[in-house]
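Trainee: Structure incoming, see below.
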Amino acid sequence: MNHGYRCAGFSLLDVLIAVTIVAILASLALPNFREALQRGRRVDAVVSLLGVQVAQERWRANHPAYASLADLGWTEGVSTEGYYRLRIGQVSAGSFLATAEPQTDGPQQNDECGVFAIDPRGPVLATDYADDACWRR
């Protein structure tokens, strides 16, 4: 017996098609989103190293040689946001090398840029360190 009603709403097929479309879009967007997050976290390394460079120049203006992280007040050895481990090596009267290495248990551990480095002249773009593109992103 047909009373002329028609059920309003979505059929199961409509819902499955919508879920499939959403899943496809999410699978395309998620890798790009993760990459964008990693690029954004690289700023932590860049800003921290530039801060170390400025602090070193201030220290050097009043002392005969560059300083350690502890002398500069960076007692924890961690970048501003905590994504990178900071180190200062090769300290002398005329130079220093500061590095920012991704924390081994952090979200940057697999970042393609790897370790950032800076000296008194600016970013170190050697083979073992992040390249110019990483510093600009």
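Counting in numbering that gives the first Met the number 0, the sequence shown runs from 0 upward without gaps. Heads up, the beta-carbon is just placed ideally off N, CA and C, and yes, glycines get one too.
So for Thr79, helix, strand or coil by DSSP?
Mentor: coil
Trainee: For the beta strand (DSSP E) that Ala97 lies in, which residues bound it at each end?
Mentor: Leu96 to Pro101
Trainee: Between the Cα of Ala60 and those of Gly50, Ala92 and Asp104, spot the shortest distance and give me the residue it belongs to.
Mentor: Ala92
Trainee: Can you tell me which of the three DSSP states Gly50 falls into?
Mentor: Gly50 falls in the helix class under three-state DSSP.
Trainee: Would a C-beta distance cut-off of 8 Å place Leu85 and Val51 closer than the cut-off?
Mentor: yes
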